[in-house]
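Below is one structure, written out as structure tokens, with a few remarks after it.
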Amino acid sequence: DAKTTQPTSMDCAEGRAANLPCNHSTISGNEYVYWYRQIHSQGPQYIIHGLKNNETNEMASLIITEDRKSSTLILPHATLRDTAVYYCIVTRYNTDKLIFGTGTRLQVFP
Amino acid sequence: SAVISQKPSRDICQRGTSLTIQCQVDSQVTMMFWYRQQPGQSLTLIATANQGSEATYESGFVIDKFPISRPNLTFSTLTVSNMSPEDSSIYLCSVERGGYTFGSGTRLTVV
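Order-wise, the sequence lines are chains U and C.
So the first sequence is numbered by our numbering: it starts at 1 and just counts up by one.
So the second sequence is numbered by our numbering: it starts at 111 and just counts up by one.
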């Protein structure tokens with residue numbers, strides 16, 4: 001079973017920040033938090049991952065709470081092309097399989 | 111990260127037949143994964159395929175229905191056997207190499 005809990009859906013206005021929460025209260029010390037997204041029937045696309053420090057790349061920022069029981073993916077300036085299902089996954093780095101939960105369906109509107 | 115070529119991209123098959131899906135990677139990888147995505151659902155892991163050993167199947171999936179081959183470190187196949195309309199799904203392969211990468215998927219319709 002997936003180890004994460006995410007809201008089923010969220011809306012965001014174009015140009016605004018999209019903040020997608022994820023709960024992973026049973027995360028182990030050696031497990032990372034990964035975020036992927038799937039744009040309508042395409043293969044999932046990697047966004048970002050982290051262990052305990054906040055991370056930022058060209059796509060997004062990942063904020064992990066100090067107790068590591070939850071995290072937030074931030075898309076700083078959402079565009080219509082960011083409309084997708086976003087999956088939060090916890091797994092050991094590079095050594096384990098990815099188990100997908102139900103994800104959050106993000107709808108960006110004009 | 112790795113680049114994956116998955117074939118076919120889509121197919122329509124008669125019930126009772128079998129379809130073999132191919133996954134070719136541009137570099138050698140240890141682990142390859144096969145997923146199923148039923149209409150409107152999330153991805154479900156079918157099995158993990160390591161070269162030189164039998165695939166490891168997840169609960170609810172069996173080798174007779176989804177036989178997997180892994181002849182070398184860059185290639186794998188998944189066969190969907192004795193198909194029924196309930197097998198209509200998108201099937202995706204994935205590899206881990208500096209991150210997890212997914213193929214574009216095979217959209218299977220069973221009629």
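Think of the CB as a built atom: it goes at the ideal place given N, C-alpha and C, for glycine as much as any other residue.
Exercise for review: For the beta strand (DSSP E) containing glycine 50 of chain U, list its first residue and its last residue.
Suggested key: 45–50
Review point. Just the Cα atoms here: how many angstroms apart are glycine 170 of chain C and phenylalanine 176 of chain C?
Key: 11 Å
Exercise for review: Please confirm if glycine 162 of chain C has its CB atom under 8 Å from at least one CB of chain U.
Suggested key: no
Exercise for review: Name the two residues that bound the continuous beta strand (DSSP E) containing asparagine 19 of chain U.
Suggested key: 18–23
**Study point:** Proximity below 8 Å, CB of alanine 112 of chain C to CB of arginine 207 of chain C
**Key:** yes
Check your understanding: Can the beta-carbon of alanine 78 of chain U be found less than 8 Å from the beta-carbon of cysteine 12 of chain U?
Key -> yes
Point to revise | Of the residues U:Ala84, U:Thr56, U:Ile63, the one placed nearest serine 9 of chain U, counting alpha carbons only | key: U:Ala84
Check your understanding: Taking C-alpha atoms, which residue in C:Thr184, C:Thr154, C:Pro149 lies nearest to glycine 162 of chain C?
Key -> C:Thr184
Review point. My guess is that threonine 189 of chain C and leucine 129 of chain C are in contact by the Cβ rule of under 8 Å, so how many angstroms apart are they, rounded?
Key: 7 Å
Point to revise | DSSP three-state assignment for aspartate 174 of chain C, whether helix, strand or coil | key: coil
Exercise for review: Output, in sequence order along the chain, the residues in the region 32–45 of chain U whose CB is closer than 7 Å to any CB in chain C.
Suggested key: Ser41, Gln42, Gly43, Pro44
**Study point:** Extent of the continuous beta strand (DSSP E) run through aspartate 96 of chain U
**Key:** Note, aspartate 96 of chain U: premise wrong, no beta strand (DSSP E); not H, not E.
Exercise for review: Kindly list, in the order they appear in chain U, the residues whose Cβ is closer than 7 Å to that of isoleucine 200 of chain C.
Suggested key: Ser41
Check your understanding: So which residues of chain C does threonine 102 of chain U contact, with C-beta pairs closer than 7 Å?
Key -> Ser152
Practice item. Provide the residue(s) that pair with isoleucine 74 of chain U in DSSP beta bridges, ordered along the chain. Key: U:Asn19, U:Ser61
Review point. Taking Cβ to Cβ, would you say phenylalanine 152 of chain C is nearer than 8 Å to glycine 103 of chain U?
Key: Here residue 152 of chain C turns out to be serine, not phenylalanine, going by the sequence shown. Yes; because the gap between Cβ atoms is below 8 Å, this pair is in contact.
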